[in-house]
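Those sequence lines, one after another, are chains L and C.
Going by the working numbering, the first sequence opens with residue 1, and the numbers climb by one from there.
Going by the working numbering, the second sequence opens with residue 1, and the numbers climb by one from there.
Here a beta-carbon is modelled for each residue, glycine too, at the ideal position from N, C-alpha and C.
Here the structure is a predicted model, which means the values were calculated and not measured.
2 protein chains.
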Amino acid sequence: MSLKHGLLGLLSTWEASGYDIKQEFDGFVSVFWHSNLSQIYPELAKLETNGWIQSRLVQQVGKPDKKLYQITAAGKEELETWLSQPPELPKRKDTFLMQTFFSDQLSTDEALFQLQTFERKQREKIDEMEKFLDDTLQGIRTRQAIKKRIVVAASVYTHAIEQEKLHLAWVKNMMVTLEKARSIWMMTERSSRLKSLTDCF
Amino acid sequence: MSLKHGLLGLLSTWEASGYDIKQEFDGFVSVFWHSNLSQIYPELAKLETNGWIQSRLVQQVGKPDKKLYQITAAGKEELETWLSQPPELPKRKDTFLMQTFFSDQLSTDEALFQLQTFERKQREKIDEMEKFLDDTLQGIRTRQAIKKRIVVAASVYTHAIEQEKLHLAWVKNMMVTLEKARSIWMMTERSSRLKSLTDCF
DNA sequence: CTGTGCATGTAACACGTTACATGATTTC
DNA sequence: GAAATCATGTAACGTGTTACATGCACAG
């Protein structure tokens, strides 16, 4: 439902190829969307059939030819319609939170090991994101750029980093909790059956 | 890939029907996973075929019969294998962040209206979540319950609320930014073409 | 008598992932 | 000589959503 509008949104400010778009999905845009080439290419073709975008072939030297897409008037209309739709609250899917939630089925040591691994990966990700923001925001002050898209982009990305930091803080906190309770759980049950998740409180 | 393990995880501590599981996906579990009945029922059937869970029919009075599923030894093994898999960093998909990111294609007024609508919905959601946590945590202190699952559940849910609060704070901040810049943008461009998202900084 | 809750499912469709296929150029 | 980058796609498969189908009990 939304890859379509992601493509239209990206093409609303610059002419791009499927490959270019993939770069954005792997970079800046990754904080709110992602996709892969084998989905992007057919979707672009579909958008062109619908008349929302238009392509032109560009020959290059030393590189393969590429197909650049541009948004049409109809495409802009479609995008604006979508942008005006009532916003929806995100439905979360987080495998690691799920793994953690069910980690009472592992030993405390195993659970802690998983948390440690995640903590390291998460720290690395945050470092990369901060580096990326620094690199791209360096120029924002030097050049003019009080453009809407740029201001919003900076805010969205900064917020994304904050989100990731909060996540990291929680993992650390979870680790402390498990360490503290380790001795208590070492002797106790591993298979007590509850009636329901919420009922058991 | 993970609905399977979500079902196994839920069935690892209590016997449940597809309908019961759906309740959890709509309640507590919603902070990290969700699904709908028309996916859950066939998936449970598949898990039973694989020998990871076992069902029994239970007759009820005044209510339709139900099929309760229990995890098997093989199912527990499968679950533990999955729980020990290296944790993966979540790949975010957030339509509202995307709408906001592309909101330079709307007027400042329209963008602000979208943010206001989201802010209200988000506040309502947080209120509900806090109520839910209060209701369920009330009993945690009165009864024993230093069980692993419960401690982790409380931590996961509290963290989920913090996440949503951070999101709310960002929306508020975004609104202030737009208000401030409104006068500047009123006169300026709405269609300046950039070379690329990151290049434009 | 209408809607909500309880309870289980199927069918069609849309969306997303992985593997496969091609081929030139550049970097290690 | 091998791997990465640029560039575009198809095919098969797996996951997720929406619509449909059934039927009893209870509350308003």
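ask   = Counting contacts by CB-CB distance shorter than 8 Å, is G62 of chain C in contact with chain L?
value = Against the second sequence, residue 62 of chain C aligns to sequence position 62. Taking Cβ atoms only, chain L never reaches closer than 8 Å to G62 of chain C, which makes this a no.
task = Using alpha carbons as the reference points, say which of C:L3, C:S2, C:G9 lies closest to A203 of chain C.
result = Any question about residue 203 of chain C goes unanswered here, given that chain C covers just 1 to 201.
Residue from C:Y157, C:L11, C:F102, C:V29 whose Cα sits closest to the Cα of Q54 of chain C = The sequence position of residue 54 of chain C within the second sequence is 54, counting from 1. Ranking the options by Cα distance to Q54 of chain C, first place goes to C:L11.
ask   = What residue from L:L178, L:K4, L:S17 has the CA that sits closest to E80 of chain L's CA?
value = Residue mapping note: residue 80 of chain L aligns to position 80 of the first sequence, counting from 1. Among L:L178, L:K4, L:S17, the Cα nearest to that of E80 of chain L belongs to L:K4.
query = Are there 16 or more other CB atoms within 10 angstroms of the CB of Q59 of chain C, so buried, or fewer, so exposed?
reply = Locating residue 59 of chain C in the second sequence gives position 59, counting from the first residue. Per the 10 Å Cβ criterion, exposed.
ask   = Of all Cβ atoms in chain L, is any one closer than 8 Å to the Cβ of A73 of chain C?
value = Against the second sequence, residue 73 of chain C aligns to sequence position 73. For A73 of chain C, the answer is no, since every Cβ of chain L falls outside 8 Å of its Cβ.
task = Taking 8 Å as the cut-off, decide whether the C-beta atoms of P87 of chain C and F118 of chain L are in contact.
result = In the second sequence, residue 87 of chain C corresponds to position 87, counting from 1. In the first sequence, residue 118 of chain L corresponds to position 118, counting from 1. Yes.
request  = Measuring only between beta-carbons, confirm whether E78 of chain C sits less than 8 Å from chain L.
outcome  = Locating residue 78 of chain C in the second sequence gives position 78, counting from the first residue. Not one chain L Cβ lies under 8 Å of E78 of chain C.
key: Test: S55 of chain C CB closer than 8 Å to a CB of chain L   = What you label residue 55 of chain C is simply residue 55 of the second sequence in a count that begins at 1. Chain L contact via Cβ: absent.
inquiry  = Please state whether the Cβ-Cβ distance between T108 of chain C and L178 of chain C is less than 8 Å.
reply    = Indexing the second sequence from 1 puts residue 108 of chain C at position 108. Indexing the second sequence from 1 puts residue 178 of chain C at position 178. Going by C-beta atoms, T108 of chain C is nearer than 8 Å to L178 of chain C.
query = Beta-carbon separation of W82 of chain L and K148 of chain C under 8 Å?
reply = Taking the first residue of the first sequence as 1, we reach residue 82 of chain L at position 82. Taking the first residue of the second sequence as 1, we reach residue 148 of chain C at position 148. Not in contact: W82 of chain L and K148 of chain C (Cβ atoms no closer than 8 Å).
task = Report the residue from C:M98, C:L115, C:K165, C:F113 whose alpha carbon sits nearest the alpha carbon of D127 of chain C.
result = Against the second sequence, residue 127 of chain C aligns to sequence position 127. Checked all of C:M98, C:L115, C:K165, C:F113; the closest Cα to D127 of chain C is C:K165.
Cα-Cα separation between E124 of chain L and S84 of chain C, rounded to whole angstroms = Looking up residue 124 of chain L in the first sequence gives position 124. Looking up residue 84 of chain C in the second sequence gives position 84. So the alpha carbons of these two residues sit roughly 21 Å apart.
task = Please name the residues in the region 83-95 of chain C whose beta-carbon is closer than 9 Å to at least one beta-carbon of chain L, in chain order.
result = L83, S84, Q85, P86, P87, E88, L89, P90, K91, R92, K93, D94, T95
key: Given L7 of chain L as reference, the closest of L:E130, L:G27, L:W52 once Cα atoms are compared   = Along the first sequence, read from residue 1 onward, the residue named residue 7 of chain L stands at position 7. That would be L:W52, whose Cα lies nearest to the Cα of L7 of chain L.
query = What residues match up with S55 of chain L in a beta bridge as DSSP calls it?
reply = Along the first sequence, read from residue 1 onward, the residue named residue 55 of chain L stands at position 55. Bridge partners of S55 of chain L: L:Y69.
request  = Using a Cβ cut-off of 8 Å (strictly closer), state whether E110 of chain L contacts chain C.
outcome  = Residue mapping note: residue 110 of chain L aligns to position 110 of the first sequence, counting from 1. Closer than 8 Å to some Cβ of chain C, the Cβ of E110 of chain L qualifies, so yes.
key: 8 Å Cβ cutoff, G9 of chain C in contact with chain L   = As a first step, residue 9 of chain C must be located in the second sequence, where it is residue number 9. Chain L, which has a Cβ nearer than 8 Å to the Cβ of G9 of chain C, makes this yes.
Any 3 or more C-beta pairs closer than 8 Å across the region 22-35 of chain C and the region 67-80 of chain C = no
query = Between which two residues does the alpha helix (DSSP H) carrying T13 of chain L extend?
reply = Sequence index remark: in the first sequence, residue 13 of chain L carries index 13 (1-based). Run containing T13 of chain L: none; DSSP gives neither H nor E here.
query = Mind checking whether F32 of chain L and F32 of chain C have CB atoms under 8 Å apart?
reply = Taking the first residue of the first sequence as position 1, residue 32 of chain L is located at position 32. Taking the first residue of the second sequence as position 1, residue 32 of chain C is located at position 32. It is not a contact, given that the beta carbons lie outside the stated cut-off.
inquiry  = Going by beta-carbon coordinates alone, are G18 of chain C and I40 of chain C separated by less than 8 Å?
reply    = Residue 18 of chain C sits at position 18 when you count from the first residue of the second sequence. Residue 40 of chain C sits at position 40 when you count from the first residue of the second sequence. Closer than 8 Å, so yes.
query = Just the Cα atoms here: how many angstroms apart are M174 of chain C and L106 of chain C?
reply = As a position in the second sequence, residue 174 of chain C is number 174, starting the count at 1. As a position in the second sequence, residue 106 of chain C is number 106, starting the count at 1. Straight-line Cα distance between these residues: approximately 15 Å.
ask   = Heavy atom of the ligand MN less than 7 Å from the Cβ of I40 of chain L, yes or no?
value = Questions concerning the ligand MN fall outside what the structure shown contains, since it holds no ligand whatsoever.
ask   = Any idea what DSSP makes of D94 of chain C, helix, strand or coil?
value = Working through the second sequence from its first residue, we reach residue 94 of chain C at position 94. If DSSP states are grouped into helix, strand and coil, D94 of chain C belongs with coil.
query = Mapping DSSP to helix, strand and coil, what is F25 of chain C?
reply = Counting from one through the second sequence, the residue named residue 25 of chain C turns up at place 25. Helix, per DSSP.
request  = Using a Cβ-Cβ cut-off of less than 9 Å, give me the residues of the region 9-39 of chain C that come near chain L, in sequence order.
outcome  = G9, L10, S12, T13, W14, E15, A16, D20, Q23, E24, G27, F28, V29, S30, V31, F32, W33, H34
task = At 8 Å on the CB atoms, spell out the chain L contacts of E179 of chain C, in chain order.
result = The residue labelled residue 179 of chain C in the question sits at position 179 within the second sequence. Under the 8 Å cutoff, chain L gives no residues; its nearest Cβ is about 12 Å from E179 of chain C.
task = Put N173 of chain C into one of helix, strand or coil per three-state DSSP.
result = The sequence position of residue 173 of chain C within the second sequence is 173, counting from 1. N173 of chain C falls in the helix class under three-state DSSP.
key: Reference W14 of chain L, options L:T136, L:V176, L:I71, L:S30, closest by Cα   = Reading the first sequence from its first residue, position 14 is the one you call residue 14 of chain L. Among L:T136, L:V176, L:I71, L:S30, the Cα nearest to that of W14 of chain L is on L:I71.
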